[in-house]
Amino acid sequence: MKKYRFIDLFAGIGGFHQALTNLGCKCVCASEIDEDAIKRYKANFPDTPMVGDINKTYSKLPEFDILCGGFPCQPFSKAGKQEGFKDKTRGNLFYRIMDVLDLHQECKFVILENVKNLADKTENWDIIQNQLKQRNFYVTDMPIILSPHQFGIPQIRERVYILGIRKDIRDEAKLPNGSIHMEDLSKLFSTKSICSGDDARKILEPCDDESYFISEYEEHLIRMWYEFKVQTNFDVVGVPVWVEYFGYGLTDRQFEKFVDHKGETIKTMPDWKKKFALKNRAFYLKHKDFIDRWIERYNVMQLPLGYKKFEWNCSGARGIEDTIIQFRQSGIRVKKLNYFPALVAINNTPIIFDRNHQRFRRITPREAANLQSFNRDYVLSNDARIYKQLGNAVNVVIIEKLAKKLMSFERSGKKWKN
């Protein structure tokens, strides 16, 4: 078997490294600037040369066959300004990748990953395609948008993947039109979710560490809101309940003049928000007797703003123990147990009901690593930052399957089994 050499750019904690070494490839160098990520990378791949800032070292890289990387997503993400390639710093790191390819024409394959938003603007996708084509690569004819739940992994996390193969090495029988089409990859995944029921529990492991179990206060909040859900028969998916817009203690006339935390009134807020506020007011009036008692019993009006908002996105769930819960700045969100939301950070870490201990707890770093398909021998830290690092990583199984298929398109390369 030929051992392909690869470079791991914007390496994070090594998701690409894990996937490609699983296929027998060898990492000749990695580039990363985040010190915490570098520490985790070195703990797992101590023999891989780390070259630091790619802006300073791009002209000094060793020869390689595969270039892979999840280049910075902030220029394209909804959390950022979405300036894309106009971002004068991070957006231009894509062009640094192109500089590397200009210096290394021996490169056979390119595998890149980014947020789904990258493909939302045709302009961004056209730039990527044209830049790779100018460097003698056939690329995917359209953005490849995939999520772990399409591979039977209980997490929804859509990302765009960009594949390229050098034109002179492609197998014409396998890629007769040059471009890589979605049908060339379709056997790798399902176009629909193949996670259902309580599949999210598949990634769970026994946990006796008290630090992962939620506080009494958090459990109190969960039980408080579940009582609200049961007593009001609230089962509307996608419509959050927000106590602020109940107008507790206000007459209808007073509610019209009520000023929310944004300094807006019913008359001044945008239409979408007005509709949301009026729905909450109507719901409150319908269940006023119970809600007034509930507010008084739990002193709800004194809670922090984020704890006064509740989203129930799991119609038909048998009980609160059969859900996934998140404490977010924007409110408490409850969803079905079929798959986890994307990992973000410790304060958003999903909460599940531990059947062994009959208590709620956050998922552990090992369970978060399972969601990203990292190998069992991957060494994790117990630092809370590992959740964010794993959330920024690529899913190992997805990269492994895409890379394996991409390498099979080489004219005289290894013939992989599908």
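In our numbering, the protein residues as written are 1 to 418. Beta carbons: idealized from backbone N, C-alpha and C, even for Gly.
* Check the Cβ-Cβ distances between L285 and every residue of chain D, and say whether any is below 9 Å. => Included in the structure is just one protein chain, with no chain D present.
* State the Cα-Cα distance for the pair R5 and Q150, rounded to the nearest angstrom. => Translated into positions along the sequence shown, residue 5 becomes position 5. Translated into positions along the sequence shown, residue 150 becomes position 150. The alpha-carbon atoms of R5 and Q150 are separated by roughly 29 Å.
* Quick one: measure Cβ to Cβ for Q155 and L371, integer angstroms, because I've assumed they're closer than 8 Å. => Here residue 155 corresponds to residue number 155 of the sequence shown, with the count starting at 1. Here residue 371 corresponds to residue number 371 of the sequence shown, with the count starting at 1. About 5 Å separates the Cβ atoms of Q155 and L371, confirming a contact at the 8 Å cut-off.
* Asked: Anyone know if the C-beta pair for A432 and A43 falls short of 9 Å?
  -> No statement about residue 432 is possible, as the shown extent of the chain runs from 1 to 418 and does not include it.
* Asked: Tell me which same chain residues have a C-beta within less than 8 Å of the C-beta of K415, skipping the five on either side of it?
  -> Numbered from 1 along the sequence shown, position 415 holds the residue referred to as residue 415. Confidence is the limiting factor: at K415 the pLDDT is only 47, short of 50, which leaves the residue's position unreliable and the question unanswerable from this model.
* Asked: Which term fits W242, buried or exposed, when burial requires 16 or more other beta carbons within 10 angstroms of its beta carbon?
  -> Position 242 of the sequence shown holds residue 242. W242 is buried by the Cβ-count criterion.
* **Selection from S186, P350 and I194 that minimises the alpha carbon distance to I145** => Taking the sequence shown and counting its residues from 1, the one referred to as residue 145 is at position 145. Of S186, P350 and I194, the residue nearest in Cα terms is S186.
* Within 9 Å, strictly: CB atoms of F258 and T268 -> Within the sequence shown, numbered from 1, the residue matching residue 258 stands at position 258. Within the sequence shown, numbered from 1, the residue matching residue 268 stands at position 268. No. Outside cutoff.
* Proximal residues to R359 (C-beta, below 7 Å), its chain only, five neighbours per side dropped -> To locate residue 359, count along the sequence shown from 1; it is residue 359. Excluding sequence neighbours, R359 sits near F213.
* To do: Report all residues from its chain with a CB closer than 7 Å to the CB of Y138; omit the five preceding and five following residues, and keep chain order.
  => Counted from its first residue, the sequence shown places residue 138 at position 138. G164, I165, K167, R170, L175, G178, S179 and I180.
* **R333 - partner residues in DSSP beta bridges** => Indexing the sequence shown from 1 puts residue 333 at position 333. R333 has E311 and Q326 as its beta-bridge partners, per DSSP.
* Does DSSP classify D8 as helix, strand or coil? -> As a working mapping, residue 8 is identified with position 8 in the sequence shown. In this structure, D8 counts as strand in the three-state DSSP scheme.
* Thinking E106 and E63 are a contact (beta carbons under 8 Å), I'd like their distance in whole angstroms, please. => Translated into the one-based positions of the sequence shown, residue 106 becomes position 106. Translated into the one-based positions of the sequence shown, residue 63 becomes position 63. Rounded, the Cβ-Cβ distance is 6 Å, consistent with contact.
* Just grab the DSSP bridge partners of Q155 for me. => Counting from 1 along the sequence shown, the entry for residue 155 is found at position 155. Q155 has F340 as its beta-bridge partners, per DSSP.
* What are the residues that DSSP puts in a beta bridge with A478? -> In the structure as shown, the chain starts at 1 and stops at 418, and residue 478 therefore has no counterpart that could be examined.
* **D289 - containing alpha helix (DSSP H), residue span** => On the sequence shown, residue 289 is found 289 positions in, with the first residue counted as 1. DSSP places D289 in the uninterrupted alpha helix (DSSP H) bounded by K288 to Y298.
* Neighbourhood of K309 by C-beta, 6 Å cutoff - its chain only, sequence neighbours within 5 removed -> Translated into the one-based positions of the sequence shown, residue 309 becomes position 309. Exclusion of the five residues before and after K309 leaves P240, W242 and G331 as the residues of its chain whose Cβ lies within less than 6 Å of its Cβ.
* Asked: Are the segment 372-392 and the segment 124-136 touching by the rule of at least three beta carbon pairs closer than 8 Å?
  -> Short answer: they don't touch.
* To do: Using DSSP bridges, identify the partner residues of D354.
  => In the sequence shown, residue 354 corresponds to position 354, counting from 1. D354 has R359 as its beta-bridge partners, per DSSP.
* Nearest CA to the CA of L118: which residue from Q129, K108 and T232? -> Reading the sequence shown from its first residue, position 118 is the one you call residue 118. The option with the nearest alpha carbon to L118 is Q129.
* **Which listed residue (H357, I363, R385 and L390) has its alpha carbon closest to that of S373** => Counting from 1 along the sequence shown, the entry for residue 373 is found at position 373. Of the listed residues, the one whose Cα sits closest to S373 is L390.
* Using a Cβ-Cβ cut-off of 6 Å (strictly less than) and excluding sequence neighbours within five positions of E158, which residues of its own chain qualify? -> Within the sequence shown, residue 158 is the residue found at index 158, counting from 1. The residues are K116, I145 and S147.
* Cα-Cα separation between E321 and F189, rounded to whole angstroms -> As a working mapping, residue 321 is identified with position 321 in the sequence shown. As a working mapping, residue 189 is identified with position 189 in the sequence shown. If I take the Cα positions, the gap works out to 31 Å.
* Asked: From Y298 to Y284, what does the alpha carbon distance come to, in whole angstroms?
  -> Start at 1 with the first residue of the sequence shown, and residue 298 comes out as number 298. Start at 1 with the first residue of the sequence shown, and residue 284 comes out as number 284. Answer to the nearest angstrom: the Cα atoms are 16 Å apart.
* **Cut-off 8 Å between Cβ atoms - residues of its own chain near T89, not counting five sequence neighbours on either side** => Working through the sequence shown from its first residue, we reach residue 89 at position 89. Residue placement at T89 is poorly supported in this model, since its pLDDT is 48, which falls under 50; the coordinates are not used for a value here.
* Asked: What does DSSP give as the partner residues of Y161 in its beta bridges?
  -> Taking the sequence shown and counting its residues from 1, one reaches residue 161 at position 161. The bridge partners DSSP lists for Y161 are E113 and I144.
* For L67, which three-state DSSP category applies? -> Translated into positions along the sequence shown, residue 67 becomes position 67. Shown here, L67 sits in a strand according to DSSP, grouped into three states.
* **I180 - DSSP class collapsed to helix/strand/coil** => Residue 180 sits at position 180 when you count from the first residue of the sequence shown. Annotated three-state conformation of I180 is strand, per DSSP.
* To do: Would you mind sorting K336 into buried or exposed? The rule is 16 or more other CB atoms within 10 Å of its CB.
  => Sequence index remark: in the sequence shown, residue 336 carries index 336 (1-based). The residue in question, K336, is buried, as its Cβ has 16 or more Cβ neighbours within 10 Å.
* Asked: How many angstroms separate the CA atom of K229 from the CA atom of I398?
  -> Sequence index remark: in the sequence shown, residue 229 carries index 229 (1-based). Sequence index remark: in the sequence shown, residue 398 carries index 398 (1-based). Taking the straight line from one Cα to the other gives about 38 Å.
* To do: Using the Cα positions of E216 and A317, report the straight-line distance between them to the nearest angstrom.
  => By one-based count along the sequence shown, residue 216 stands at place 216. By one-based count along the sequence shown, residue 317 stands at place 317. When rounded, the distance between both Cα atoms is 23 Å.
* Asked: Applying the criterion that 16 or more other CB atoms from any shown protein chain within 10 Å of the CB defines a buried residue, is S196 buried or exposed?
  -> Numbered from its first residue, the sequence shown carries residue 196 at position 196. So S196 ends up on the exposed side.
* Member of T48, L23, C25 and A19 whose CA lies at the smallest distance from the CA of E32 -> Counting from 1 along the sequence shown, the entry for residue 32 is found at position 32. Comparing Cα positions, the closest option is T48.
* Asked: Can you give the beta carbon distance from I13 to C68, rounded, assuming they're within the 8 Å contact cut?
  -> Taking the sequence shown and counting its residues from 1, one reaches residue 13 at position 13. Taking the sequence shown and counting its residues from 1, one reaches residue 68 at position 68. Taking a contact as a CB-CB distance under 8 Å, the pair I13 and C68 does not count as one, their CB atoms being some 14 Å apart.
* In whole angstroms, what separates the C-alpha of E219 from that of K2? -> Here residue 219 corresponds to residue number 219 of the sequence shown, with the count starting at 1. Here residue 2 corresponds to residue number 2 of the sequence shown, with the count starting at 1. Distance between the alpha carbons of E219 and K2 is about 54 Å.
* My guess is that Q231 and F290 are in contact by the Cβ rule of under 8 Å, so how many angstroms apart are they, rounded? -> Taking the first residue of the sequence shown as position 1, residue 231 is located at position 231. Taking the first residue of the sequence shown as position 1, residue 290 is located at position 290. About 5 Å; that satisfies the 8 Å criterion.
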